[in-house]
Each structure stands twice: as C-alpha cells, then as structure tokens.
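Enquirer:
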DNA sequence: ATTATAGTTGAACAACTGTTCAACTGTCAA
DNA sequence: TTGACAGTTGAACAGTTGTTCAACTATAAT
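Protein chains in written order, with our numbering: chain L, 1 to 109; chain E, 110 to 218.
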C-alpha cells in the first residue's frame, strides 16, 4: 500500500530545472533578499552615486555600504567608476528595474 | 570641503520606498532565495502534490519538505488541503509563475 | 611632505536559516 | 484496538549573512 502517485512524480521530474539553473535562480533571489541591497539598487535607478552619498541616503556607514556594493558588483548588477577621490556606482543591468517592478506588483495586492 | 552632492541625495530621498514596502519586498525575495523552495514552487506549477510525492521528487525527507511548505504557506504562496491521510499542496498565487519567468530571463543571458 | 578625505578590506560577532532527528498527531486498514 | 503510514512540530546543529570596527590604500589640498 502506497499513497504516492508515481506517475505524477515521474511526469514532473524531467520538467524540473537542472542544478546549475536552480542555483543561479536562487542566488539571484538571495541577492535581492536584503533590504539594504534593494535600497541601493532603487537609489541607483535614480542616479549614479558615490559611496558617501549612498551612505548618507541610507543612513549607514560607508563600510557597510561598500561591502554590499561589492556583493552587487560581483553579481554584475552594478558597476563602479573611480573619479578623483570618489567611486561612483551605477546600475549595470536594466533588468533589475523590471524585476523590482514585478515584485512590487506581487507585494502590493 | 565636502565631496557629497547634497542636491542629488535630497532629490532621491523622497523617492525611496517606505520601510514597510521595503521589508515586504525583501521578504518576498528572501522567500524565493532558496533552492528547495524554488523547486517546490516549480513542481507545484505542474501539479498539486502531497508531501510524500514532493519529498520523493526532490529527494528530501518529508520533514524538510514539510518545514519549507509551512514557510511558503505562511507567505500565502501555496495552500494545503487534507484528503484522507494525505495533505495536498497547490499554488495559491499565479504571480509566482510570472516572477519565476522574469528571473529566468534575467539569469539566462 | 603633510594632512584630511573617500573608500576598501578582513576579522569578529551576533543574528538568522535550513536540515536533521525524535517525538508527536491523525487517519486508514486489518 | 492495534499497527502502519502521512505529515507536523520543536529543539538542536552547522552553515551562512550583514554590520561593526580598526587598519589600510589612494587621492587631493595646503
């Protein structure tokens, strides 16, 4: 006696995402799953800004902001450009806006 | 002497999301930021399934699956229905599919 | 050259997260 | 009623994550 429908399981199994894609997907969502990083992306959608400006805007230390920018940068979501003493950050991927808007639609209902 | 452009900061500040929305957004992304939960949602997009079937499909213990289903359920992303000895889970929000597809598009490039 | 500012870095710490394990509830069959 | 199965639950554990702190590099101004 077995309450499991093996047919269903076997039909769905090949439709599951492969491991690589799966981890890319969850890594992307993990990246967005932090309020500081969302704020950074949100702000940079308005204007490129340097670390000090972002720190002032979010009321955080430059160190904390810099750490998170590094994370976003290594995920290729933002890019950095040094000008004089400052390092200016800007969005490098305009997919970000779309995904944020989709999530907003989901959350606001 | 101050290298910060206060005008930019003051212009962007009012455009930032308020605290509540911010946390709703990041909580939603946190929810998607786990490969097990993505697999569960992905599978349930194909068919409602009971805990045992999902555990078999993902090659995990029923306990682990149950814990994650509880998380998804309290976020209203899935709903449960008891039938006999089994508890069948199904998607309760078809926004999920859209968001997953958007993220897929982002990741696959 | 010296000093001050902008930003980065790594270690440390606390908080959080996902899985496991064992004990438990509830349902069906014999 | 007894036993087996389906699922849930909470505690415990290890692994991860975000911020802080202090030390550091690099650029610009005097």
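Every residue, glycine too, gets a C-beta built ideally from N, C-alpha and C.
Because the structure is a prediction, the values reported are computed rather than measured.
Taking Cβ-Cβ distances shorter than 8 Å, what residues in chain L pair up with residue 148 (chain E)?
Expert: Taking the second chain and counting its residues from 1, one reaches residue 148 (chain E) at position 39. Those are 16, 17 and 22, listed as they occur along chain L.
Enquirer: Short of 7 Å Cβ to Cβ, which residues in the region 169-183 of chain E face chain L?
Expert: none
Enquirer: Quick one: list the residues of chain L neighbouring residue 116 (chain E), beta-carbon separation under 9 Å, in chain order.
Expert: As a position in the second chain, residue 116 (chain E) is number 7, starting the count at 1. Residues of chain L passing the Cβ test: none, with the nearest at roughly 10 Å.
Enquirer: Going straight from the alpha carbon of residue 48 (chain L) to that of residue 89 (chain L), what length do you get?
Expert: Locating residue 48 (chain L) in the first chain gives position 48, counting from the first residue. Locating residue 89 (chain L) in the first chain gives position 89, counting from the first residue. Rounded to the nearest angstrom, the two C-alpha atoms are 5 Å apart.
Enquirer: Please report how far the alpha carbon of residue 54 (chain L) lies from the alpha carbon of residue 132 (chain E), in whole angstroms.
Expert: Reading the first chain from its first residue, position 54 is the one you call residue 54 (chain L). Reading the second chain from its first residue, position 23 is the one you call residue 132 (chain E). Their backbone Cα atoms lie some 19 Å apart in a straight line.
Enquirer: Residues of chain L with a CB under 7 Å from the CB of residue 208 (chain E): which are they?
Expert: Here the question's residue 208 (chain E) lines up with position 99 in the second chain. Ordered by position in chain L, the residues that pass the 7 Å Cβ test against residue 208 (chain E) are 102, 103 and 106.
Enquirer: Would you please verify whether the beta carbon of residue 91 (chain L) is less than 8 Å from any beta carbon of chain E?
Expert: Taking the first residue of the first chain as 1, we reach residue 91 (chain L) at position 91. No, its Cβ sits nowhere closer than 8 Å to a Cβ of chain E.
Enquirer: The alpha helix (DSSP H) with residue 171 (chain E) in it runs from where to where?
Expert: As a first step, residue 171 (chain E) must be located in the second chain, where it is residue number 62. Taken as a continuous stretch (DSSP letters only), the alpha helix (DSSP H) holding residue 171 (chain E) covers 171-183.
Enquirer: Closest Cβ-Cβ distance between residue 95 (chain L) and chain E: below 8 Å?
Expert: Translated into the one-based positions of the first chain, residue 95 (chain L) becomes position 95. Yes, because at least one Cβ of chain E sits closer than 8 Å to the Cβ of residue 95 (chain L).
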